[in-house]
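In the working numbering, the protein residues as written are 381 to 448.
Every residue, glycine too, gets a C-beta built ideally from N, C-alpha and C.
Structural data, given as structure tokens:
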């Protein structure tokens with residue numbers, strides 16, 4: 381599959397928390413925690429479950445930066 385998104389992060393699904401309509405997916409990306417919110421329908425269609433290797437595609441019009 382080809383996709384136009386350039387910000388692609390390989391990650392492992394750690395947890396899937398399903399609500400009535402939306403689901404929170406907690407990912408591990410090289411030791412960093414990344415959280416995505418998607419529809420439950422998408423989770424079911426893609427059969428996403430803990431332990432799966434996935435690619436997180438990030439497309440945003442706004443990216444905030446912080447420096448400690």
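Nearest-angstrom Cα separation, counted from residue j out to residue i
{"i": "residue 398", "j": "residue 413", "result": "18 Å"}
{"i": "residue 435", "j": "residue 400", "result": "24 Å"}
{"i": "residue 424", "j": "residue 442", "result": "29 Å"}
{"i": "residue 433", "j": "residue 393", "result": "6 Å"}
{"i": "residue 447", "j": "residue 381", "result": "36 Å"}
Nearest candidate by alpha-carbon position, reference residue i, set the options
{"i": "residue 387", "options": "437, 448, 445, 444", "result": "437"}
{"i": "residue 389", "options": "409, 381, 430, 426", "result": "409"}
{"i": "residue 428", "options": "384, 406, 383", "result": "406"}
Interface flag, residue i vs chain D, CB-CB below 8 Å
{"i": "residue 442", "result": "Going by chain labels, chain D is absent from the structure shown, which holds only one protein chain."}
Residues near residue i in its chain [Cβ-Cβ closer than 7 Å; skip 5 each side]
{"i": "residue 404", "result": "397, 415, 417"}
Residues near residue i by beta carbon distance below 8 Å, same chain, minus five either side
{"i": "residue 402", "result": "417, 418, 419, 420"}
Residues bridged to residue i [DSSP beta-bridge criterion]
{"i": "residue 402", "result": "419"}
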